[in-house]
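Asks: Supplied in structure tokens, the structure appears directly below.
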Amino acid sequence: MDESKRGFLKIAGCSVLGVLGAAGMRTATDVGPGGKAVESSTTLSGKKWGMVVDSQRCLENEGCTACIEACHSTHNVPNIADPKEEVKWVWKESYEHTFPTQSHEYTKASLKEKPVLVLCNHCEDPPCVRVCPTQATWKREEDGLVMMDQHRCIGCRYCMVACPYGSRSFNWQDPRNALQGGINPEYPTRTKGVVEKCNFCAERLAKGQEPACVEACRKSAGAGALLFGDLEDPESEVSKLLSEKFSIQRKPGLGTKPQVYYLV
Amino acid sequence: MMYDGSKILLGLVIFLIAVTFPFWFSWVNEKSGFVPEPKLPEGEESCVESAEYMKALHMDLLNQWRNAVVRDGRRVYVSSSGNRYEISLTGTCLGCHSNKAEFCDQCHDYVGANPFCWDCHVDTSVSRGEGK
Numbered sequence: 005m006d007e008s009k010r011g012f013l014k015i016a017g018c019s020v021l022g023v024l025g026a027a028g029m030r031t032a033t034d035v036g037p038g039g040k041a042v043e044s045s046t047t048l049s050g051k052k053w054g055m056v057v058d059s060q061r062c063l064e065n066e067g068c069t070a071c072i073e074a075c076h077s078t079h080n081v082p083n084i085a086d087p088k089e090e091v092k093w094v095w096k097e098s099y100e101h102t103f104p105t106q107s108h109e110y111t112k113a114s115l116k117e118k119p120v121l122v123l124c125n126h127c128e129d130p131p132c133v134r135v136c137p138t139q140a141t142w143k144r145e146e147d148g149l150v151m152m153d154q155h156r157c158i159g160c161r162y163c164m165v166a167c168p169y170g171s172r173s174f175n176w177q178d179p180r181n182a183l184q185g186g187i188n189p190e191y192p193t194r195t196k197g198v199v200e201k202c203n204f205c206a207e208r209l210a211k212g213q214e215p216a217c218v219e220a221c222r223k224s225a226g227a228g229a230l231l232f233g234d235l236e237d238p239e240s241e242v243s244k245l246l247s248e249k250f251s252i253q254r255k256p257g258l259g260t261k262p263q264v265y266y267l268v
Numbered sequence: 002m003m004y005d006g007s008k009i010l011l012g013l014v015i016f017l018i019a020v021t022f023p024f025w026f027s028w029v030n031e032k033s034g035f036v037p038e039p040k041l042p043e044g045e046e047s048c049v050e051s052a053e054y055m056k057a058l059h060m061d062l063l064n065q066w067r068n069a070v071v072r073d074g075r076r077v078y079v080s081s082s083g084n085r086y087e088i089s090l091t092g093t094c095l096g097c098h099s100n101k102a103e104f105c106d107q108c109h110d111y112v113g114a115n116p117f118c119w120d121c122h123v124d125t126s127v128s129r130g131e132g133k
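Protein chains in written order, with our numbering: chain Y, 5 to 268; chain F, 2 to 133.
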């Protein structure tokens, strides 16, 4: 009796491990009549993507908007002047608003009013993901990106309420009417009634390219104010910089663990 | 006997004509026998899968493509014959079927299907000034 129970447990244990192992190693999705979808061989791999914004270097070229223009034209982000309906993926916010817990009455005036580049923080514990009722936004476990599935978004805007950084925009109007610069056919537009935000250029990472803003910054006058890389890799540019210099995050007290770091 | 027999008969004839309207109208009217003719790209031998599969189930394939890219980050399709394609509606599908109005819309308009793909995905034939 005992013998057979032990045998049963052994077999059951092995089967469970086998199934888990097979699921863990699943690298292709079965699609269509016998086809399958696989990852592109050019995909940049990282365990935890993060960004470092060197705000001092960025300020040296205060009027520079190379990163914003590159991002918005790459992703067909509409240019809407009305602040109630505007859509933005990356933009500038005053120091005081970016770091409300770091500024005080006597914060030096040269800093207080100065703009800081802000974008989605791709938080390790993203509150937007928690509240989404349709899982239209979720955290990609393999590399830490907070993704957005426009097909599933029902436009309830819970995520916008949950995000403490204002990183999300709602399309109050058809964005195609506000794409004066033309549409980039490489990337879809959005439609009226969905929420959008920075995607850390997931589509470019898949092609082996760094994010559009980082690339544009590298080529601009403020070269190198934006850096992107794998925070889990101790040899990456971002990891080295963070281990050497003093850096801060936006509203760290909220426990969202933002993955965009600022050198100030 | 039958009261107002002629009126009843007349009514029955009108009724029958009305009921059988769809049958005789399509028989009389040549245009109503319209069959959509999606224009196939010239110089292309085959689609990503067999024509029979694509005709019947392209919407399933597109849904699975969408989920593979958006949810799983898998952007390459290895077809049942082993060919590799980038999973992209605008890039790969429209790459061959370059005119949406002459291909997709032909059947979709005929059967009243109104997929919302193109609310967001870019129809490059429109930006080239060829589409509608």
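The C-beta atom is built at its ideal place from N, Cα and C for all residues, glycine as well.
Every value quoted in this text rests on a predicted model; they were computed, and no experiment measured them.
Inspect the beta-carbon positions of S251/Y and L231/Y and report whether they are closer than 8 Å.
Replies: Not closer than 8 Å, so no.
Asks: Give me the Cβ distance between G211/Y and C124/Y, rounded to the nearest whole Å; I'm assuming they're in contact under 8 Å.
Replies: Reading the sequence as shown, one finds Lys at residue 211/Y and not Gly. Contact flag wrong, Cβ pair sits at about 20 Å.
Asks: Which runs of the beta strand (DSSP E) fall wholly inside the segment 71 to 147 of chain Y and span at least 3 residues, in chain order?
Replies: Complete beta strand (DSSP E) runs here, min 3: 94 to 98, 119 to 123 and 141 to 143.
Asks: Please specify which runs of the alpha helix (DSSP H), each continuous and at least 4 residues long, are wholly inside the segment 39 to 68 of chain Y, giving them in chain order.
Replies: Correct list: 59 to 64.
Asks: Taking a Cβ distance cut-off of 9 Å, strictly less, list which residues of the segment 43 to 60 of chain Y are near chain F, in chain order.
Replies: Under the 9 Å Cβ criterion, the segment 43 to 60 of chain Y contributes E43, S44, S45 and T47.
Asks: Among K56/F, V70/F, F22/F and W25/F, which residue has its Cα nearest to the Cα of L209/Y?
Replies: Measuring from the Cα of L209/Y, the nearest candidate turns out to be V70/F.
Asks: If you pair each beta-carbon of the segment 89 to 98 of chain Y with each one of the segment 113 to 129 of chain Y, do three or more pairs fall below 8 Å?
Replies: Verdict: yes, contact present.
Asks: With a threshold of 8 Å between beta-carbons, can I158/Y be considered close to chain F, or not?
Replies: False, the Cβ-Cβ gap to chain F never drops below 8 Å.
Asks: Classify G228/Y as helix, strand or coil using the three-state DSSP reduction.
Replies: Residue state, collapsed to three classes: coil.
Asks: Is it the case that the Cβ atoms of E50/F and L62/F are separated by a distance below 8 Å?
Replies: Yes.
Asks: Using DSSP with H/G/I as helix, E/B as strand and the rest coil, what is V4/F?
Replies: First, the residue type needs correcting, since residue 4/F is Tyr and not Val in the sequence shown. Residue state, collapsed to three classes: coil.
Asks: By the 10 Å Cβ neighbour count, where 16 or more other Cβ atoms means buried, how is T21/F classified, buried or exposed?
Replies: Classification of T21/F: exposed, given that the 10 Å Cβ count is below 16.
Asks: What three-state label does DSSP hand G96/F in the structure shown?
Replies: Helix, per DSSP.
Asks: Taking all protein chains shown into account, do 16 or more other C-beta atoms lie within 10 angstroms of the C-beta of I88/F, making it buried, or fewer, making it exposed?
Replies: I88/F comes out buried.
Asks: Contact criterion: CB-CB distance below 8 Å. Does W28/F meet it with respect to chain Y?
Replies: No, W28/F does not count as interfacial toward chain Y.
Asks: Identify the contact partners of Q65/F in chain Y, using a Cβ-Cβ distance below 8 Å as the criterion.
Replies: Result: T33, V35, G36 and A41.
Asks: Taking C-beta pairs closer than 9 Å, name the residues in chain F that T193/Y reaches, listed in chain order.
Replies: Going along chain F in sequence order, the residues near T193/Y (Cβ under 9 Å) are D120, C121, H122 and V123.
Asks: Consider the Cβ of P168/Y: report whether some Cβ of chain F lies at a distance smaller than 8 Å.
Replies: No, P168/Y lies away from the interface with chain F (no Cβ there is under 8 Å from its Cβ).
Asks: Which of the three DSSP states is assigned to I252/Y in this structure?
Replies: Three-state DSSP puts I252/Y in a strand.
Asks: I need the boundaries of the alpha helix (DSSP H) containing Y191/Y, first residue and last residue.
Replies: Note, Y191/Y: premise wrong, no alpha helix (DSSP H); not H, not E.
Asks: Judging by CA-CA distance, which residue of R254/Y, G259/Y and L258/Y is the nearest neighbour of M55/Y?
Replies: Nearest of R254/Y, G259/Y and L258/Y to M55/Y, Cα basis: R254/Y.
Asks: DSSP three-state call for D237/Y: helix, strand or coil?
Replies: Looking at D237/Y - three-state DSSP - the assignment turns out to be coil, as it is neither helix nor strand.
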